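Okay, so the sequence shown: first residue is 132 according to the numbering used here, each after it adds one.
One structure is given here, and the rest of the page talks about it.
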Amino acid sequence: MGSDLPKGEYVPEGHTIHRLAQENTRRFAGRTVALSSPQGRFADGAALLDGTELVGAEAHGKHLFLEFPGERWIHVHLGLAGVFRFGEIADPADGPGPVVGVVRLRIAGDDSWADLRGPNTCEIVTRTEKDALHARLGPDPLRPDADPDQAWERIARSAKPIAELLMDQKVLAGVGNVYRAEALFRAGLDPHREGRLVKRATWDAIWADLVDLMAEGVRVNRIDTVRPEHTPEAMGRPPRQDDHGGEVYVYRRTGMPCLVCDTEVRIEELAGRNLFWCPKCQPKARKRRAAAAPAAGGAATASGTPARSRRTSTAAAAAHTPAPAPRVRRGAVR
Ligand SMILES: [Zn+2]
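Laid out in structure tokens, this is it:
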């Protein structure tokens, strides 16, 4: 099977790398593998581990680690263009077949092969080097050992917008442009809110939501973030047509009506990446407070709806309390 990575200007998000770890584990773990670098750029590394057992594979954010005996790992970062392809070997005598294109790393077992093309990084790392890589990365919502407090410590002391922080792999590992846009929408949070102004309860709700959403992404191999009431079936609308994922609220829906409030979805560039959001469902702090007042009536209900994550509705609702410090408010409504 192919890795199903979308083409174009798209950086794979963490669920894709976790799927690759699962696929490598399923095909090769516990087996002796032949390693080669048809392209030649990883020839020395491949020769070093050729004919040994692939112990297993794991992912941390967008980094993939293939483990070999002696505490050695092949560390892969796909970057923008990297792609894994997998295939079956019908007859071991035939091997994996001819090389097509520029293959950095070929892994061949008895009945299965994998070709890695175009990665940013493909290198052998030691335990010390691997530990250093993990230390540079924030918690990954898909890893059982992830500690959301680590991310919170960075968010709570940062004046950067929360949307930028969620994409910073040192803060949080594995979240890319789709999950950050969708998680912020589902939390009803203004993407420009400074990290230090985000409520702890809001962060807890976002983390819990990401754990759920990304696990579903691993399972179904695409990103779906709309709640049951906003699916094409429930709304009687056509399914979304986009190479970059499934049913979403705001990602790459610029100018289209918000599925919740009909407001046009907005786009802007933030730290070099496109940011998508709904200005009504994700209001600035001052508008949020106004919307919470009784006079706002139905608008408050509409804009409050996406704030309620299904697991932490109380926490998310509590996060509506506006920030108290004057200096803080000024920054938040710029
Ligand atoms: Zn909206």
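Beta carbons are placed, not taken as given, at the ideal position from N, Cα and C, and that holds for glycine.
Because the structure is a prediction, the values reported are computed rather than measured.
Those residues which DSSP pairs with residue i across a bridge
{"i": "residue 388", "result": "395"}
{"i": "residue 292", "result": "325"}
{"i": "residue 244", "result": "218, 239"}
{"i": "residue 204", "result": "198, 256"}
{"i": "residue 165", "result": "239"}
{"i": "residue 473", "result": "Residue numbering for the chain in the displayed model covers 132 to 465; residue 473 lies beyond these limits and cannot be assessed."}
{"i": "residue 400", "result": "405"}
Where residue i falls, given that 16 or more other Cβ within 10 Å makes a residue buried
{"i": "residue 198", "result": "buried"}
{"i": "residue 272", "result": "buried"}
{"i": "residue 267", "result": "exposed"}
{"i": "residue 340", "result": "buried"}
{"i": "residue 356", "result": "buried"}
{"i": "residue 158", "result": "buried"}
{"i": "residue 288", "result": "exposed"}
{"i": "residue 144", "result": "buried"}
{"i": "residue 335", "result": "buried"}
{"i": "residue 257", "result": "exposed"}
{"i": "residue 378", "result": "buried"}
{"i": "residue 352", "result": "exposed"}
{"i": "residue 367", "result": "exposed"}
{"i": "residue 259", "result": "exposed"}
{"i": "residue 284", "result": "exposed"}
{"i": "residue 350", "result": "exposed"}
{"i": "residue 171", "result": "exposed"}
{"i": "residue 182", "result": "exposed"}
{"i": "residue 234", "result": "buried"}
{"i": "residue 163", "result": "exposed"}
{"i": "residue 230", "result": "exposed"}
{"i": "residue 232", "result": "exposed"}
{"i": "residue 464", "result": "Note that residue 464 scores 32 on pLDDT, short of 50, meaning its location in the model is unreliable and no value can be drawn from it."}
Rounded distance between the beta-carbons of residue j and residue i, thought under 8 angstroms
{"i": "residue 217", "j": "residue 154", "result": "6 angstroms"}
{"i": "residue 270", "j": "residue 210", "result": "Their Cβ separation, rounded to whole angstroms, is 22 angstroms, which puts residue 270 and residue 210 out of contact at 8 angstroms."}
{"i": "residue 302", "j": "residue 282", "result": "5 angstroms"}
{"i": "residue 404", "j": "residue 298", "result": "6 angstroms"}
{"i": "residue 306", "j": "residue 382", "result": "Actually they do not touch by this definition, with Cβ atoms about 12 angstroms apart."}
{"i": "residue 316", "j": "residue 204", "result": "About 36 angstroms separates the two Cβ atoms, so there is no contact after all."}
{"i": "residue 207", "j": "residue 252", "result": "6 angstroms"}
Practice task
Under 5 angstroms from any heavy atom of ligand 1, by CB: list those residues in chain order, please.
Solution key: 389, 391, 392, 394, 409, 411, 412
Exercise for the section: Indicate whether the contact test is met: 3 or more Cβ pairs, each with one atom in the region 372-391 and one in the region 289-300, closer than 8 angstroms. Expected result: no
Practice task
Take every Cβ of the region 223-239, pair it with every Cβ of the region 157-169, and state whether three or more of those distances are shorter than 8 angstroms.
Solution key: yes
Practice task
Determine contact between the region 219-230 and the region 176-195, defined as no fewer than three beta-carbon pairs at a distance below 8 angstroms.
Solution key: no
Problem - Meets three-Cβ-pair contact criterion under 8 angstroms: the region 313-325 and the region 396-413 - result: yes
Handout entry: Segment contact, 8 angstroms Cβ cut-off, at least three pairs: the region 362-375 with the region 257-265
Key = no
Practice task
Could you say if the region 276-284 and the region 243-250 meet the contact criterion of at least three C-beta pairs nearer than 8 angstroms?
Solution key: no
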